[in-house]
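Enquirer: Residue numbers for the sequence shown follow the working numbering, so the first one is 45 and each next one is one higher.
We put the CB at the ideal spot given by N, CA and C, even for glycine.
This structure is a prediction, so every number in the text was calculated from the model and none was measured.
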Amino acid sequence: MTNLIVPSGPPDADGRVVAVTPESAGWTYVGFEAYALEPGARLTRDTGGREACLVLLSGMADVRTKEAEFAGIGGRMSVFEGSAPYSVYVPSEDGYEVTALTRLELAVCTAPGKGTYPARLISPDDVGVEGRGYGNMERRVHNILPEQKEADSLLVVEVFTPNGHWSSYPPHKHDQDDLPRESFLEETYYHRISPERGFAMQRVYTDDRSLDESLVAKDGDVVLVPKGYHPVSAPPGYDVYYLNVMAGPVRTWKFHNDPDHEWLTKPNPK
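(1) From S238, S131 and E194, pick the residue whose C-alpha is nearest to that of S122; which is it?
(2) In whole angstroms, what separates the C-alpha of P83 from that of W210?
(3) Considering just the uninterrupted stretch of the beta strand (DSSP E) at E226, what are its terminal residues?
(4) Quick one: grab the DSSP three-state call for N47.
(5) Inspect the beta-carbon positions of L165 and V132 and report whether they are closer than 8 Å.
(6) Excluding the 5 residues preceding and the 5 following V61 in the sequence, name in chain order all residues of the same chain whose CB lies nearer than 8 Å to its CB.
(7) So, under 8 Å CB-CB, P270 and G208 are touching, yes? Tell me the CB distance rounded to an integer number of Å.
(8) DSSP on D56, reduced to helix/strand/coil?
(9) Count the other C-beta atoms from every protein chain shown that fall within 10 angstroms of the C-beta of R120, then say buried if there are 16 or more, exposed otherwise.
(10) Please tell me whether E257 and R247 are closer than 8 Å, where the distance is taken between their beta carbons.
(11) Mind checking whether K193 and Y273 have CB atoms under 8 Å apart?
(12) Taking the straight line between their C-alpha atoms, what separation do you get for H300 and E226?
(13) Could you tell me the alpha carbon to alpha carbon distance between A69 and L189, rounded to whole angstroms?
(14) Does DSSP put E191 in a helix, a strand or coil?
(15) To which residues does DSSP link F243 through a beta bridge?
(16) Take the Cβ of S254 as the centre, count every other Cβ of all protein chains shown within 10 Å, and call the residue buried at 16 or more, exposed below.
(17) Could you name the residues of the same chain whose beta carbon sits closer than 7 Å to that of R89, not counting the 5 residues immediately before and after it, in chain order?
(18) Hey, out of S197, L98 and P215, whose CA is closest to L148's CA?
(19) Note down, in chain order, each residue of its chain lying with its Cβ closer than 7 Å to the Cβ of E191, except the 5 sequence neighbours on either side.
(20) Please name the residue in G172, R184, P215 and Y233 whose C-alpha comes closest to that of E306.
(21) Give me the Cα-Cα distance between I117 and L87, rounded to the nearest whole angstrom.
(22) Give a single yes or no on whether V107 has its beta carbon closer than 7 Å to a heavy atom of the ligand GTP.
(23) Which residue or residues does DSSP assign as beta-bridge partners of S102?
(24) Please look up how many angstroms separate the CB atoms of T232 and V289, rounded, as I've assumed it's under 8 Å.
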């Protein structure tokens, strides 16, 4: 089994701080990169056979594709401001040029594409905001690219977990191509922690415990979820943000809760 934590590091010559490819992860669909770009820095890429969702995690930028241009987008200066981000969807067989106008933290989420849909801006007003859970399982979710919005493969969502709370909880999984009951989706978690010296705890495990890992995710780490249940805990004193990227053979999110913890789905369970 591939190591499930991919740590971030100093920016390389392109500003990239962490990267996951299907080859490095040992899977088929999901790719993820994060960049830290200084003002004036420029990132240019062709998408090839993969579609991309560029999420401006913090900062402002100009973004250009072959057919479209989105100038001066962005707004929040930290993911922990809590507002929804600006993002740009870029189809396969296209390309993009991102020019940082301020310090920019950029996430590049990729998956196989068919070139079905044109490039478009996803503004904060386009992002669905919802609360999930109750009590110390409560968290806020920003649906950046949910299955109701146009894409070939990608599903992209960000989650804010207050300190002392749990998320992706009760534990759920989506590792069986068994629709309509459950879909198969690979998934990455890009973690940010506030204050950044903190950590998150994440468990990844299967019913038969052939995979059963308890992971310490530090600020900037990516956790790989190739299969199994994958709950997250934010320790007291440390708020946890994560950006999820999911993709699989069918673009739908149908999950299955761990039967041992299904009872937690009801408020005030007995």
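Expert: Taking the coordinates as given:
(1) Within the sequence shown, the letter at position 78 stands for residue 122. It is S238 whose Cα lies nearest to the Cα of S122.
(2) For the purposes of this step, residue 83 is taken as the residue at position 39 of the sequence shown. For the purposes of this step, residue 210 is taken as the residue at position 166 of the sequence shown. Between P83 and W210, the C-alpha separation is close to 36 Å.
(3) By one-based count along the sequence shown, residue 226 stands at place 182. Here the beta strand (DSSP E) through E226 covers E226 to F228.
(4) Mapped onto the sequence shown, residue 47 falls at position 3. Looking at N47 - three-state DSSP - the assignment turns out to be coil, as it is neither helix nor strand.
(5) Here residue 165 corresponds to residue number 121 of the sequence shown, with the count starting at 1. Here residue 132 corresponds to residue number 88 of the sequence shown, with the count starting at 1. In contact: L165 and V132 (Cβ atoms closer than 8 Å).
(6) Residue mapping note: residue 61 aligns to position 17 of the sequence shown, counting from 1. For V61, where only same-chain residues beyond five positions count, the Cβ hits under 8 Å are S52, G53, P54, P55, A78, Y79, A80 and G264.
(7) The residue you call residue 270 lines up with position 226 of the sequence shown. The residue you call residue 208 lines up with position 164 of the sequence shown. Incorrect: roughly 29 Å between the Cβ atoms, too far for contact.
(8) The residue labelled residue 56 in the question sits at position 12 within the sequence shown. Residue state, collapsed to three classes: coil.
(9) By 1-based counting over the sequence shown, the position of residue 120 is 76. Buried is the call here.
(10) Taking the sequence shown and counting its residues from 1, one reaches residue 257 at position 213. Taking the sequence shown and counting its residues from 1, one reaches residue 247 at position 203. Contact flag set, yes.
(11) Taking the first residue of the sequence shown as 1, we reach residue 193 at position 149. Taking the first residue of the sequence shown as 1, we reach residue 273 at position 229. For K193 and Y273, no; Cβs fall outside 8 Å.
(12) Taking the first residue of the sequence shown as 1, we reach residue 300 at position 256. Taking the first residue of the sequence shown as 1, we reach residue 226 at position 182. The straight-line gap from Cα to Cα measures roughly 6 Å.
(13) As a first step, residue 69 is located in the sequence shown; it is residue number 25 there, counting from the start. As a first step, residue 189 is located in the sequence shown; it is residue number 145 there, counting from the start. Rounded to the nearest angstrom, the two C-alpha atoms are 22 Å apart.
(14) As a first step, residue 191 must be located in the sequence shown, where it is residue number 147. Coil.
(15) What you label residue 243 is simply residue 199 of the sequence shown in a count that begins at 1. Answer by DSSP bridge pairing, in chain order: K262.
(16) Taking the sequence shown and counting its residues from 1, the one referred to as residue 254 is at position 210. With fewer than 16 other Cβ atoms within 10 Å, it is exposed.
(17) Numbered from its first residue, the sequence shown carries residue 89 at position 45. So the list reads G139 and Y140, once near-sequence residues are dropped.
(18) Counted from its first residue, the sequence shown places residue 148 at position 104. Residue L98 is the option with its Cα nearest to L148.
(19) As a position in the sequence shown, residue 191 is number 147, starting the count at 1. Contacts found: L199, R295, T296 and W297.
(20) Within the sequence shown, the letter at position 262 stands for residue 306. Per the Cα distances, P215.
(21) On the sequence shown, residue 117 is found 73 positions in, with the first residue counted as 1. On the sequence shown, residue 87 is found 43 positions in, with the first residue counted as 1. Looking at the two C-alpha atoms, the distance is approximately 15 Å.
(22) As presented, the structure is devoid of all ligands, the ligand GTP included, so that no description of it is given.
(23) In the sequence shown, residue 102 corresponds to position 58, counting from 1. Note: S102 sits in a beta bridge opposite E149.
(24) Taking the first residue of the sequence shown as 1, we reach residue 232 at position 188. Taking the first residue of the sequence shown as 1, we reach residue 289 at position 245. 5 Å between Cβ atoms; contact.
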